[in-house]
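J.: Residue numbers (the working numbering), protein chains in the order written: chain U, 1 to 138; chain Z, 1 to 139.
Beta carbons are placed, not taken as given, at the ideal position from N, Cα and C, and that holds for glycine.
Every value quoted in this text rests on a predicted model; they were computed, and no experiment measured them.
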């Protein structure tokens, strides 16, 4: 079996848990812990058949900005600290003028979105990254 | 500014084109904080001809495995900044792909890795997140 690091050979990658990743802990509506955010107001993770979808609402000048729905790629989470093994996801949002590559995961009950924004227009804005935290909408 | 497209308020910045994001804060030799890692032990980050590049050394059963050099994209902390705060990078090994999203937090490089297998081994795609310190000679 080909490998480039020891973790490529981790036995759990062939185990049933990794083969049947359960997104249940990530599903739902997540609200930004920072009510003064200038970034993402909320995020909803849902099932769509065998797929997982992610909807993000950005904070706008005149109200919410609804990003196009993205399909998530589920990932086994092998070695998260404190023995947490909740799966993680990546999702890419195509906004035309900008691409947002994200990864999403839960850390101690907090939903974390890390965003890498690449501008595709000629606005001269710097590509940038951001990390925000979300609580589950009860 | 009203014609500027944006997805969140933080995208809206005064028009002051950022011609180059300075990667200075990223450049150097980064070592994994976990001596027992089964993943990437060291990352050397350099700039060549204005482009960021990585050289990764990962832990294998018989010692470190040199992944070679790969180009990386620099990201700032906000759309008006010209200071590098993170990067993305992809290594394509043929049988697998490793994508990185990394950012500096409190002096540490936090590296998120996304591994996807393209062979018929039936291994699951997986995620890793590890911390790296820049080696230095100050103390």
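I'd like to know if residue 4/U contacts chain Z, where contact means its C-beta is closer than 7 angstroms to some C-beta of that chain.
T.: Yes - at least one Cβ of chain Z is within 7 angstroms of the one on residue 4/U.
J.: Please name the residue, chosen from 35/Z, 66/Z, 47/Z, that lies closest to residue 93/Z on a Cα-to-Cα basis.
T.: Out of 35/Z, 66/Z, 47/Z, 66/Z has the C-alpha closest to the C-alpha of residue 93/Z.
J.: Closer than 8 angstroms by beta-carbon distance: list the chain U residues that pair up with residue 60/Z, in chain order.
T.: Under the 8 angstroms cutoff, chain U gives 3, 4, 5, 6.
J.: Between the Cα of residue 68/U and the Cα atoms of 53/U, 32/U, 103/U, 28/U, which residue gives the shortest distance?
T.: Ranking the options by Cα distance to residue 68/U, first place goes to 53/U.
J.: Please state if the CB of residue 103/U and the CB of residue 86/U are separated by a distance shorter than 7 angstroms.
T.: No, the Cβ-Cβ distance between residue 86/U and residue 103/U is not below 7 angstroms.
J.: Under DSSP, the alpha helix (DSSP H) around residue 80/Z begins and ends at which residues?
T.: Counting along the chain, residue 80/Z falls outside any alpha helix (DSSP H), and DSSP gives it neither H nor E.
J.: Do you know how far the Cα of residue 75/U is from the Cα of residue 111/U?
T.: Each residue's Cα considered, the two are about 15 angstroms apart.
J.: Just to confirm my understanding: we take residue 149/Z, look at its own chain, exclude 5 residues before and 5 after, and list those with CB closer than 7 angstroms. What are they?
T.: For residue 149/Z there is no data in the structure shown, the boundaries of chain Z being 1 and 139.
J.: Hey, is residue 75/U's beta-carbon within less than 7 angstroms of any beta-carbon in chain Z?
T.: Closer than 7 angstroms to some Cβ of chain Z, the Cβ of residue 75/U qualifies, so yes.
J.: Once DSSP output is grouped into helix, strand and coil, what is the label at residue 6/U?
T.: Note: residue 6/U maps to helix in three-state DSSP.
J.: Would you kindly work out how many angstroms separate the C-alpha atoms of residue 1/Z and residue 62/U, rounded to a whole number?
T.: Low per-residue confidence applies at residue 1/Z: pLDDT is 45, beneath 50, and the placement is therefore not dependable enough to give any value.
J.: According to DSSP, is residue 143/U helix, strand or coil?
T.: Outside the shown range of chain U (1 to 138) lies residue 143/U, about which nothing can therefore be said.
J.: Threshold first: 3 residues or longer. Then list the beta strand (DSSP E) segments lying entirely within the region 52 to 99 of chain Z, N to C.
T.: Here the runs fully enclosed are 63 to 76, 84 to 92.
J.: Helix, strand or coil: how does DSSP classify residue 10/Z here?
T.: Residue 10/Z falls in the helix class under three-state DSSP.
J.: Find the nearest neighbour of residue 70/U within the set 46/U, 2/U, 17/U, judged by alpha-carbon distance.
T.: Here the closest residue by C-alpha is 46/U.
J.: Let me know the secondary structure DSSP gives residue 1/Z once reduced to three states.
T.: With a pLDDT of 45 at residue 1/Z, under the threshold of 50, the modelled position of this residue cannot be trusted, and the question is left open.
J.: Can you tell me where the beta strand (DSSP E) holding residue 35/U begins and where it ends?
T.: Residue 35/U -> no beta strand (DSSP E), and no H or E assigned at all.
J.: Closer than 8 angstroms between beta carbons: that is the criterion. Which residues of the region 64 to 77 of chain Z meet it against chain U?
T.: Per Cβ criterion, the list reads 65, 67, 73, 74, 75, 76, 77.
J.: For residue 101/Z, I'd like the list of residues in its chain whose CB is within less than 6 angstroms of its CB, leaving aside the five on either flank, ordered along the chain.
T.: Only 88, 112 meet the Cβ criterion.
J.: Rounded to a whole number of angstroms, what is the C-alpha to C-alpha distance between residue 50/U and residue 27/U?
T.: Cα to Cα, residue 50/U sits roughly 13 angstroms from residue 27/U.
J.: Starting from residue 115/U, follow the beta strand (DSSP E) in both directions and report where the run begins and ends.
T.: Taken as a continuous stretch (DSSP letters only), the beta strand (DSSP E) holding residue 115/U covers 110 to 119.
J.: Assess, as a yes-or-no matter, whether the region 112 to 119 of chain U is touched by the region 128 to 137 of chain Z under the definition of 3 or more beta carbon pairs within less than 8 angstroms.
T.: No contact exists between the region 128 to 137 of chain Z and the region 112 to 119 of chain U.
J.: Helix, strand or coil for residue 119/Z, going by three-state DSSP, please let me know.
T.: Residue state, collapsed to three classes: coil.
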